[in-house]
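Participant: Take a look at the following structure, please.
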Amino acid sequence: MSGRKRGSVAVVGAAESDLGLVAPHTSPVDLMAQATMRALDDAGLKLSDVDGLFVAATQVRMGPMALADYLRIKPKYFDGTIIGGSSFMSHVTHAQAAIEAGLCEVAVIAYGSTQRSVSRAAASPREYNHYESPYKPILPISAYALAAARHMHQYGTTVEQLAEVAVSARKWALLNPVAWEKEPLTIEQVRKARVVSYPFTVRDCCLVVDGGGAIVVTSAARAKTLKKKPVYVLGTGDTLSHLNISSMPDLTVSGAKDSGEQAFKMAGVKQSDVRMLSLYDAFTITPILFVEDLGFCKKGEGGKFFEGGKTAPGGSNIPVNTSGGGLSYCHPGMYGLLVMIEAVRQVRGECDKRQVKNCDVALAHGNGGVLSSQCTVIFGSEATL
Amino acid sequence: MSADLMKASPLGTYVEYCKKGELAYQVCTDDNTPIFHPRAVAPKTGSANLEWRVSKGLGTVYSTTVVHAGKDVPPFNVALIDIDEGYRMMSRVEGIDPMAVKIGMRVKVKINPGDDKQLPYPVFTPAEGAK
Chain A
52 MSGRKRGSVA
62 VVGAAESDLG
72 LVAPHTSPVD
82 LMAQATMRAL
92 DDAGLKLSDV
102 DGLFVAATQV
112 RMGPMALADY
122 LRIKPKYFDG
132 TIIGGSSFMS
142 HVTHAQAAIE
152 AGLCEVAVIA
162 YGSTQRSVSR
172 AAASPREYNH
182 YESPYKPILP
192 ISAYALAAAR
202 HMHQYGTTVE
212 QLAEVAVSAR
222 KWALLNPVAW
232 EKEPLTIEQV
242 RKARVVSYPF
252 TVRDCCLVVD
262 GGGAIVVTSA
272 ARAKTLKKKP
282 VYVLGTGDTL
292 SHLNISSMPD
302 LTVSGAKDSG
312 EQAFKMAGVK
322 QSDVRMLSLY
332 DAFTITPILF
342 VEDLGFCKKG
352 EGGKFFEGGK
362 TAPGGSNIPV
372 NTSGGGLSYC
382 HPGMYGLLVM
392 IEAVRQVRGE
402 CDKRQVKNCD
412 VALAHGNGGV
422 LSSQCTVIFG
432 SEATL
Chain B
1122 MSADLMKASP
1132 LGTYVEYCKK
1142 GELAYQVCTD
1152 DNTPIFHPRA
1162 VAPKTGSANL
1172 EWRVSKGLGT
1182 VYSTTVVHAG
1192 KDVPPFNVAL
1202 IDIDEGYRMM
1212 SRVEGIDPMA
1222 VKIGMRVKVK
1232 INPGDDKQLP
1242 YPVFTPAEGA
1252 K
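Following this line, the structure appears as structure tokens:
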């Protein structure tokens, strides 16, 4: 499928905006702009170097236009693809195609949200759908709860295994100075928390915080001339499988199976080459589905994969979500960009106490809608080229 | 026959069936595939040869959750139902403790009539033993 070349582009800058609860009246575009300048500084580039702009947001209808106007830049190429939290992984694919085609050379991918300040309902209003809305599911939570219930029924996955995902994320978050959550978490605390949509308690659900981020992507040739060690895009894959949860063919198999196969094929690496996983953990069921669908364990064994802290610091499995994830680090609505930032930092070796040893290959996986869009990016250091 | 969106919409027709107490769906007569939700164009084939049919109203719970919407609202069920005619829909199983709704449970449709603000919509009740 791919005409794109392994390693033809690299991430050269990556940064979060301010995270958590920002000052009253901060706008999503304020956060995007702040993150963009931090990411450019990280790369050793200037605003005037940017000629490609990729933006998705729920509070800004015309993202690329909003950020271009705010920064008063005139990008030669722009893209506002919005497919939920995985939008930014698809932007990497599109940026690579645009850079290879000579349509732009320095692409910024940016995101911002003030959903904690203005409320989740206000930040991300939902469309009325007569085939679902009258039943009043709390979306997206109830859709993922339905997937979890089916996985439990079909494979014997337990609520304790779901809780293990949140507990592991929390252990990593305690090693990340900018993580929202600062206190330890136990399986019992997850289970005794307020039920939102059974089998999920509030601790099975991602955080609701303000924040944003940006990454800078450029050609491999330009990347070599910049400040930091380039983190190469080895392979990517994108899939759309459905819109609403009632149209998802099998609630226990996500489109990550397709996006992962595409990304691994393009990257020319195997699962055993990957040193860390940055997986979109909107809910505790999603990393379970993704380790299965991306080929890190057999279908149905995702629950066991997380048992006993095996993916937590010092665990015997591959480290998962070393930032603390959407469950404990930050989740400003569409979290996919921050999923990639952590993978990039791990490949660079910038993660201090949570650094994974010899992290030459990291996989970032984004999820959007209600398991609807799945996009995978495999990053590698110079040694992997 | 091509759908004429100047005369009737897929949702409008579906709601008319609901008002008669019926759960309707479509079949693409090109390949006999059952289709839900109703559409103006058949998925995959792109065909406009869509025939309306009335379901017998029996199905099996494919998955289930219990929604806790707040202190003032008792927890309620949301489920995905595999309808016997071969399609899946979201609905609610009523007349039973929401936590007692189980995957694999047989259920039967009834139409919630709606009101001034809400169009009618199908819900389900337990129908153990229904074949």
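One line per chain: the protein sequences are A and B, in this order.
Under our numbering, the first sequence has 365 at position 314, and the numbering climbs by one with no breaks.
Under our numbering, the second sequence has 1218 at position 97, and the numbering climbs by one with no breaks.
Each residue gets a CB set at the ideal place from its N, CA and C atoms; glycine is no exception.
#1: Do the stretch 313–322 of chain A and the stretch 415–432 of chain A touch if we need at least three Cβ pairs shorter than 8 Å?
#2: On the premise that residue 68(A) lies in contact with residue 262(A), defined as a C-beta separation below 8 Å, what is that separation, rounded to the nearest angstrom?
#3: Find the nearest neighbour of residue 217(A) within the set 264(A), 232(A), 198(A), judged by alpha-carbon distance.
#4: Return no unless some Cβ of chain E is closer than 8 Å to the Cβ of residue 186(A).
#5: Give me the subset of the stretch 1177–1190 of chain B whose CB atoms are less than 8 Å from a CB atom of chain A, sorted by chain position.
#6: Based on DSSP bridge pairs, tell me the residues matched to residue 416(A).
#7: For residue 227(A), count neighbouring Cβ atoms within 10 angstroms of its own Cβ and tell me buried if that reaches 16, exposed if not.
#8: Can you find a heavy atom of the ligand ATP that lies under 7 Å from the Cβ of residue 253(A)?
#9: Does residue 247(A) come out as helix, strand or coil in the three-state DSSP assignment?
#10: Beta-carbon within less than 8 Å of residue 1223(B)'s beta-carbon, same chain only, minus the 5 sequence neighbours each way: which residues are those?
#11: Is DSSP giving residue 1193(B) helix, strand or coil here?
#12: Counting Cβ pairs closer than 8 Å, one from the stretch 145–164 of chain A and one from the stretch 121–131 of chain A, do we hit at least three?
#13: Of the residues that make up the stretch 169–196 of chain A, which ones have a beta carbon closer than 7 Å to any beta carbon in chain B?
#14: Any beta-carbon of chain A closer than 8 Å to the one on residue 1174(B)?
#15: Checking 8 Å against the spacing of the C-beta atoms, do residue 343(A) and residue 349(A) come in under that value?
#16: Could you check the C-alpha separation between residue 1231(B) and residue 331(A) for me, to the nearest Å?
#17: According to a CB-to-CB cut-off of less than 9 Å, which residues of the stretch 235–256 of chain A neighbour chain B?
#18: If we ignore side chains and look at the alpha-carbon of each, how far apart do residue 1236(B) and residue 1178(B) end up?
#19: Closest Cβ-Cβ distance between residue 1212(B) and chain A: below 8 Å?
#20: What is the residue span of the alpha helix (DSSP H) that residue 475(A) lies within?
#21: Taking C-beta pairs closer than 7 Å, name the residues in chain A that residue 1239(B) reaches, listed in chain order.
#22: Which residues share a DSSP beta bridge with residue 104(A)?
#23: Quick one: grab the DSSP three-state call for residue 1209(B).
#24: Using 10 angstroms around the beta-carbon of residue 191(A), count the other beta-carbons present and answer buried if the total reaches 16, otherwise exposed.
#25: Taking just the CA atoms, how far does residue 112(A) sit from residue 318(A)?
#26: Does residue 273(A) have its Cβ less than 8 Å from a Cβ in chain B?
#27: At which residues does the beta strand (DSSP E) containing residue 1231(B) begin and terminate?
#28: With the cut-off set at 8 Å, would you say residue 251(A) and residue 356(A) are in Cβ contact?
#29: Using beta-carbon positions only, say whether residue 1246(B) and residue 1216(B) come within less than 8 Å of one another.
#30: Could you check if residue 1172(B) is buried or exposed, using at least 16 other CB atoms within 10 Å of its CB as the buried criterion?
#31: Taking buried to mean at least 16 other C-beta atoms within 10 Å of its own C-beta, is residue 367(A) buried or exposed?
#32: For residue 107(A), which residues in the same chain have their Cβ closer than 6 Å to its Cβ, ignoring the five residues on either side in sequence?
#33: Does the stretch 240–248 of chain A come close enough to the stretch 1186–1193 of chain B to have 3 or more Cβ pairs within less than 8 Å?
#34: I want to verify the contact list: residues of chain B whose CB lies under 8 Å from the CB of residue 422(A), in sequence order.
#35: Output yes if chain A places a C-beta closer than 8 Å to the C-beta of residue 1126(B); else output no.
#36: Could you tell me which uninterrupted beta strand (DSSP E) segments, each at least 3 residues in length, are contained entirely in the stretch 164–203 of chain A, listed from first to last along the chain?
Facilitator: A quick look at the data gives this:
#1: yes
#2: Counting from 1 along the first sequence, the entry for residue 262(A) is found at position 211. Counting from 1 along the first sequence, the entry for residue 68(A) is found at position 17. So it is a contact: roughly 6 Å between Cβ atoms.
#3: Here residue 217(A) corresponds to residue number 166 of the first sequence, with the count starting at 1. It is 232(A).
#4: Of the protein chains in this structure, namely A and B, none is chain E.
#5: 1183, 1184, 1185, 1186, 1187, 1188, 1189, 1190
#6: Reading the first sequence from its first residue, position 365 is the one you call residue 416(A). DSSP lists 330(A), 427(A) as partners of residue 416(A).
#7: Translated into positions along the first sequence, residue 227(A) becomes position 176. Looking at its Cβ environment, which holds 16 or more other Cβ atoms inside 10 Å, residue 227(A) is buried.
#8: Ligands displayed in this structure: none; no statement on the ligand ATP is therefore possible.
#9: The residue you call residue 247(A) lines up with position 196 of the first sequence. The answer is strand: DSSP assigns residue 247(A) an E or B state.
#10: On the second sequence, residue 1223(B) is found 102 positions in, with the first residue counted as 1. Within the same chain, residue 1223(B) has close Cβ partners 1182, 1185.
#11: By one-based count along the second sequence, residue 1193(B) stands at place 72. Three-state result, residue 1193(B): coil.
#12: yes
#13: 181, 182, 183, 185, 186, 187, 188, 189, 193, 196
#14: Working through the second sequence from its first residue, we reach residue 1174(B) at position 53. Chain A, which has no Cβ nearer than 8 Å to the Cβ of residue 1174(B), makes this no.
#15: Residue numbering aside, residue 343(A) sits at position 292 when the first sequence is read from its first letter. Residue numbering aside, residue 349(A) sits at position 298 when the first sequence is read from its first letter. Yes, these two residues count as a Cβ contact at 8 Å.
#16: In the second sequence, residue 1231(B) corresponds to position 110, counting from 1. In the first sequence, residue 331(A) corresponds to position 280, counting from 1. When rounded, the distance between both Cα atoms is 39 Å.
#17: 245, 246, 247, 248, 249, 250, 251
#18: Residue numbering aside, residue 1236(B) sits at position 115 when the second sequence is read from its first letter. Residue numbering aside, residue 1178(B) sits at position 57 when the second sequence is read from its first letter. Their backbone Cα atoms lie some 22 Å apart in a straight line.
#19: Counting from one through the second sequence, the residue named residue 1212(B) turns up at place 91. Chain A contact via Cβ: present.
#20: Beyond the ends of chain A as shown, which are 52 and 436, falls residue 475(A); an answer cannot be given.
#21: Locating residue 1239(B) in the second sequence gives position 118, counting from the first residue. Per Cβ cutoff of 7 Å: 185.
#22: What you label residue 104(A) is simply residue 53 of the first sequence in a count that begins at 1. Residue 104(A) is bridged to 129(A), 159(A).
#23: Reading the second sequence from its first residue, position 88 is the one you call residue 1209(B). Residue state, collapsed to three classes: strand.
#24: Numbered from 1 along the first sequence, position 140 holds the residue referred to as residue 191(A). Label assigned to residue 191(A): buried.
#25: Residue 318(A) sits at position 267 when you count from the first residue of the first sequence. Residue 112(A) sits at position 61 when you count from the first residue of the first sequence. So the two alpha carbons sit approximately 34 Å from each other.
#26: Numbered from its first residue, the first sequence carries residue 273(A) at position 222. For residue 273(A), the answer is no, since every Cβ of chain B falls outside 8 Å of its Cβ.
#27: Start at 1 with the first residue of the second sequence, and residue 1231(B) comes out as number 110. That run of the beta strand (DSSP E) goes 1227–1233.
#28: For the purposes of this step, residue 251(A) is taken as residue 200 along the first sequence, with counting starting at 1. For the purposes of this step, residue 356(A) is taken as residue 305 along the first sequence, with counting starting at 1. Not a contact, by the Cβ cut-off of 8 Å.
#29: The residue given as residue 1246(B) occupies position 125 in the second sequence. The residue given as residue 1216(B) occupies position 95 in the second sequence. Yes. Within cutoff.
#30: By 1-based counting over the second sequence, the position of residue 1172(B) is 51. That one is exposed.
#31: As a working mapping, residue 367(A) is identified with position 316 in the first sequence. Residue 367(A) comes out exposed.
#32: Working through the first sequence from its first residue, we reach residue 107(A) at position 56. Only 114, 133, 138 meet the Cβ criterion.
#33: yes
#34: Locating residue 422(A) in the first sequence gives position 371, counting from the first residue. Per Cβ cutoff of 8 Å: no residues; residue 422(A) is ~12 Å from chain B at best.
#35: Taking the second sequence and counting its residues from 1, the one referred to as residue 1126(B) is at position 5. No - not a single Cβ of chain A is within 8 Å of the one on residue 1126(B).
#36: none
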